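Under the numbering used here, think of the first position of the sequence shown as 84, with each following residue one higher.
Here a beta-carbon is modelled for each residue, glycine too, at the ideal position from N, C-alpha and C.
Only a predicted model underlies this, so the values are computations on that prediction, with no experimental measurement involved.
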Amino acid sequence: EGIRLHRGVLMFIAEHLERLYEGAKALDMELGLSREELQRMLYDTVDANGMAQASGVHIRLMVTRGLKPTPYQSPYITIGKPTIIIIPEYKEAAPGPKEEG
């Protein structure tokens with residue numbers, strides 16, 4: 084997911100998390116935490132990076148199935164919970180979608 088932070092608010096967070104959890108469900112992948120816990124992790128990450136009240140922040144949220152004992156690709160052979168990656172960066176939104184809809 085790509086999520087915008089605007090003046091301390093994660094924009095459309097409910098929709099982003101709904102899409103993420105529905106995608107995980109379709110892949111038969113349990114994230115291991117609630118939507119509220121994941122949202123708290125997102126806010127904690129931007130807080131830790133001094134971005135809490137900033138605008139122009141783009142957050143890349145990625146989830147993988149987690150560690151594998153070997154390079155075997157079966158989705159059923161994993162060690163532990165999924166890996167959650169949260170990468171915030173200062174990146175202004177492209178004007179095109181806002182202007183063109």
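Opening and closing residue of the beta strand (DSSP E) in which residue i lies
i: G85; result: G85 to H89
i: E172; result: T166 to Y173
i: T153; result: Here T153 belongs to no beta strand (DSSP E), and DSSP marks it neither H nor E.
Short Cβ contact (8 angstroms threshold) for residue i with residue j
i: V140; j: L88; result: yes
i: L114; j: V146; result: yes
i: M169; j: I142; result: Sequence inspection shows Ile at residue 169; the Met mentioned does not correspond to that position. In this structure, I142 lies closer than 8 angstroms to I169 by Cβ.
i: I162; j: P154; result: no
i: R90; j: Q156; result: no
i: L110; j: E84; result: no
Strand pairing of residue i, partner residues [DSSP]
i: M145; result: I168
i: L93; result: L88
Where the alpha helix (DSSP H) through residue i begins and ends
i: T161; result: Counting along the chain, T161 falls outside any alpha helix (DSSP H), and DSSP gives it neither H nor E.
i: M124; result: R118 to A131
i: E113; result: Run containing E113: none; DSSP gives neither H nor E here.
Outcome for residue i when other beta-carbon atoms lying within 10 angstroms are tallied against a minimum of 16
i: I160; result: exposed
i: P171; result: buried
i: L150; result: exposed
i: V129; result: buried
i: L93; result: buried
i: R123; result: exposed
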